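Only one structure is covered here, and it is reproduced in the block below.
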Amino acid sequence: MSAEAARPMPKVPFKVAASSFLGNFIEWFDYATYTYFAITIGIVFFPESEVNSTLLAFAVFALSFVFRPLGAAFWGSMGDKKGRKWSLSLSIFMMTGAAFLIGCLPSYETVGLLSPILLLCLRSIQGFSAAGEYSGAAVFLAEYAPANHRGKYCSLVPASTAAGLLAGSTAALVIKLLLPEADVISWGWRIPFLLAGPLGLVAHYIRTKLEDSPTYQEMTSAADPAKEAPHPTRLVFKKYKKRLVASIAATMVNSVGFYLVLTYLPTYLTSYTSMEASAAQLATDIALVTYIFIIFGAGKVSDIVGRKKMLLGSCAAFIVLSIPAFMMLGTAQLPVVIAAELIMCVTLSFNDANIACYQAEMFPTEVRYTGAALGSNIAYVVFGGTASMVATALIDATGNGLMPAYYMMGICLVAGIVLLFTAHEYAGVKLNDIE
Numbered sequence: 005m006s007a008e009a010a011r012p013m014p015k016v017p018f019k020v021a022a023s024s025f026l027g028n029f030i031e032w033f034d035y036a037t038y039t040y041f042a043i044t045i046g047i048v049f050f051p052e053s054e055v056n057s058t059l060l061a062f063a064v065f066a067l068s069f070v071f072r073p074l075g076a077a078f079w080g081s082m083g084d085k086k087g088r089k090w091s092l093s094l095s096i097f098m099m100t101g102a103a104f105l106i107g108c109l110p111s112y113e114t115v116g117l118l119s120p121i122l123l124l125c126l127r128s129i130q131g132f133s134a135a136g137e138y139s140g141a142a143v144f145l146a147e148y149a150p151a152n153h154r155g156k157y158c159s160l161v162p163a164s165t166a167a168g169l170l171a172g173s174t175a176a177l178v179i180k181l182l183l184p185e186a187d188v189i190s191w192g193w194r195i196p197f198l199l200a201g202p203l204g205l206v207a208h209y210i211r212t213k214l215e216d217s218p219t220y221q222e223m224t225s226a227a228d229p230a231k232e233a234p235h236p237t238r239l240v241f242k243k244y245k246k247r248l249v250a251s252i253a254a255t256m257v258n259s260v261g262f263y264l265v266l267t268y269l270p271t272y273l274t275s276y277t278s279m280e281a282s283a284a285q286l287a288t289d290i291a292l293v294t295y296i297f298i299i300f301g302a303g304k305v306s307d308i309v310g311r312k313k314m315l316l317g318s319c320a321a322f323i324v325l326s327i328p329a330f331m332m333l334g335t336a337q338l339p340v341v342i343a344a345e346l347i348m349c350v351t352l353s354f355n356d357a358n359i360a361c362y363q364a365e366m367f368p369t370e371v372r373y374t375g376a377a378l379g380s381n382i383a384y385v386v387f388g389g390t391a392s393m394v395a396t397a398l399i400d401a402t403g404n405g406l407m408p409a410y411y412m413m414g415i416c417l418v419a420g421i422v423l424l425f426t427a428h429e430y431a432g433v434k435l436n437d438i439e
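See below:
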């Protein structure tokens with residue numbers, strides 16, 4: 005055993021873990037509140053539209069995804085050139101600032117067409133700035149974590165996603181229960197967006213007080229100042245195309261699975277089964293809590309057995325279990341529905357516990373932030389942002405309520421084949437040794 009392997013491994017500083025968790029938590033808290041208040045937002049910003057106002061509110065939400073690949077290239081490149089701390093500190097400030105300003109926007113009745121235009125602009129800023137959050141937090145944690153514990157620490161990132169989604173949906177539910185509908189439309193919907201302001205300032209402050217990761221500092225100290233480094237985005241597409249494809253494939257399962265299992269199912273259950281909305285949301289909330297707790301253990305397991313095996317195993321499990329799970333959902337019986345969602349969320353957690361860490365591991369330090377951000381955001385735009393729409397369209401076109409299961413199976417089959425031939429194992433490898 006080498007001296008390096010024998011000496012005690014340092015722990016990830018609490019502030020690093022907290023800042024990584026908080027930023028992604030805020031992003032998904034905002035996602036949940038916007039989704040749950042979509043009808044209200046449609047009334048506030050599109051009251052006189054001939055098109056369905058809720059549909060327009062969701063269209064604004066969807067358009068923000070278009071800016072994510074551009075944001076990924078920008079924040080990733082800046083994170084690789086200027087430092088992880090620089091990129092993460094500025095992106096959280098922009099993302100939460102835009103959310104806060106959404107909470108301050110005047111209604112259509114007050115300023116007319118300017119109101120929805122400002123909403124679209126702020127949502128676009130959010131999409132652009134949020135593009136570097138998930139991957140940046142993963143890279144930051146991975147570069148601080150001991151090599152044999154990266155999976156455990158990086159599982160904080162997907163856990164923060166689920167925690168933010170749960171907190172946002174809970175906050176929206178409490179507001180709707182406590183306030184009359186007129187007050188919700190007038191000012192109640194603004195509360196969660198306004199909360200993003202102080203939360204963002206706390207996260208920004210913590211990040212500005214951090215040092216860049218030891219791995220990044222090691223790379224910059226060894227770099228030749230007289231030699232100009234190639235642009236990270238160009239380098240990823242030129243030299244690391246195969247790894248980028250593997251990153252996209254790995255995130256395909258995460259993006260479709262997460263959006264279908266943990267955000268779309270309440271809509272599916274109320275639209276295509278006889279289940280009441282409150283029962284459907286309860287089942288999904290139980291699945292979210294289970295996902296949060298399981299994912300830490302799954303991250304630790306990945307440190308032992310490796311990321312590739314768990315990713316491929318999750319693909320295989322979804323292919324086998326998706327149809328039985330959706331058949332169970334079709335019963336509309338709460339205990340059976342909860343069991344079905346638990347089956348899918350446990351499978352998803354064993355996939356997602358690997359994603360953040362694996363994306364950080366597959367690229368060398370000089371392009372790590374860029375490669376991870378591009379891979380995840382391309383997958384989110386193409387597959388995650390469209391998952392609910394595709395599932396609904398397939399059901400409406402065929403009349404078959406099992407179509408989301410077939411779609412999930414197809415995604416996992418494609419992703420599994422791609423990963424089988426493109427993915428390499430980096431668990432336990434020192435990050436600056438990855439070339």
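Per our numbering, the very first residue in the sequence shown carries number 5; after that it's consecutive. The beta-carbon is built from N, C-alpha and C at its ideal position, and this holds for glycine as well. Bear in mind that the values here come from a model prediction, so they are computed numbers and not experimental data.
Among the options, the one whose alpha carbon lies nearest that of residue i
i	options	result
I359	T237, A254 and G75	A254
W32	A395, T165 and F387	T165
S306	A383, A135 and E429	E429
L126	S91, G116 and G107	G107
Y263	K246, F25, A36 and L26	A36
V293	A163, F71, G403 and S225	A163
K246	S23, A427, P17 and A291	A427
T44	L316, L333 and A186	A186
L205	S23, G432 and G168	S23
L286	A21, A343 and T114	A343
V16	F367, A66, A63 and E215	E215
D34	V115, L169 and G155	L169
Residues near residue i by beta carbon distance below 7 Å, same chain, minus five either side
i	result
V445	A query on residue 445 cannot be resolved here, the shown segment of the chain reaching from 5 to 439 and no further.
W79	S91, S95, A135, G136, G140 and A377
S217	R88, F144, E147 and Y148
Y411	V394, A395 and L398
P184	none
S68	R127, S128, Q130 and G131
R211	S23, K89, L92, S93 and I96
Inter-residue Cα distance where the pair is residue i and residue j
i	j	result
A302	N355	8 Å
Y362	I438	12 Å
G420	G261	14 Å
M82	F132	14 Å
I399	A391	12 Å
I189	G388	29 Å
L123	T39	14 Å
F50	A321	43 Å
V385	Y295	23 Å
V324	L406	14 Å
T288	T335	16 Å
T351	L316	11 Å
A1	Y268	Here the chain comprises residues numbered 5 to 439, so residue 1 is not present and cannot be evaluated.
V161	N28	7 Å
S282	L177	10 Å
K213	K19	9 Å
M13	F297	The predicted model places M13 with a pLDDT of 46, which falls under 50 and marks its position as unreliable, so this point remains unresolved.
E365	T224	18 Å
M413	E280	27 Å
P234	L181	54 Å
V341	F65	29 Å
G403	S278	16 Å
E222	K242	24 Å
M5	V433	Any answer about M5 is weak, because its pLDDT of 39 lies below 50 and its placement is not dependable; what the coordinates show is given next. If you take the alpha carbons of M5 and V433, they lie about 15 Å apart.
G375	F62	29 Å
Cβ-Cβ separation, residue j to residue i (assumed contact under 8 Å), whole Å
i	j	result
P73	N381	5 Å
V257	I415	6 Å
A149	C158	7 Å
A200	F104	5 Å
A357	I308	A357 to I308, Cβ: 12 Å. No contact.
T274	L435	Incorrect: roughly 45 Å between the Cβ atoms, too far for contact.
I327	A409	5 Å
F71	S128	5 Å
Y112	V48	7 Å
A329	M348	5 Å
A442	L423	Residue 442 lies beyond the range of the chain shown here (5 to 439); nothing can be said about it.
Close-in-space but distant-in-sequence residues of the same chain around residue i (CB under 6 Å, 5 per side omitted)
i	result
L203	I30
T26	Looking at the sequence itself, residue 26 is Leu, so the reference to Thr does not match. Closer than 6 Å at the Cβ level, and outside the excluded window around L26, lie A207.
A498	Absent from the model: residue 498. The displayed extent of the chain is 5 to 439, so no value can be given.
Q337	none
T271	none
S259	A383, Y384, F387 and G388
T174	none
Residues of its chain near residue i, where Cβ-Cβ distance is below 8 Å and the 5 sequence neighbours each way are ignored
i	result
A9	For A9, the predicted model reports a pLDDT of 41, less than 50, meaning its position is unreliable; a value from the coordinates is still stated below. Nothing listed; no residue qualifies.
H208	S93, I96, F97 and T100
I179	V188, G192, W193, I195 and P196
L417	C319 and I323
Contact test: residue i Cβ vs the ligand PLP heavy atom, cutoff 7 Å
i	result
Y40	Here there are no bound small molecules, and the ligand PLP is not part of this structure.
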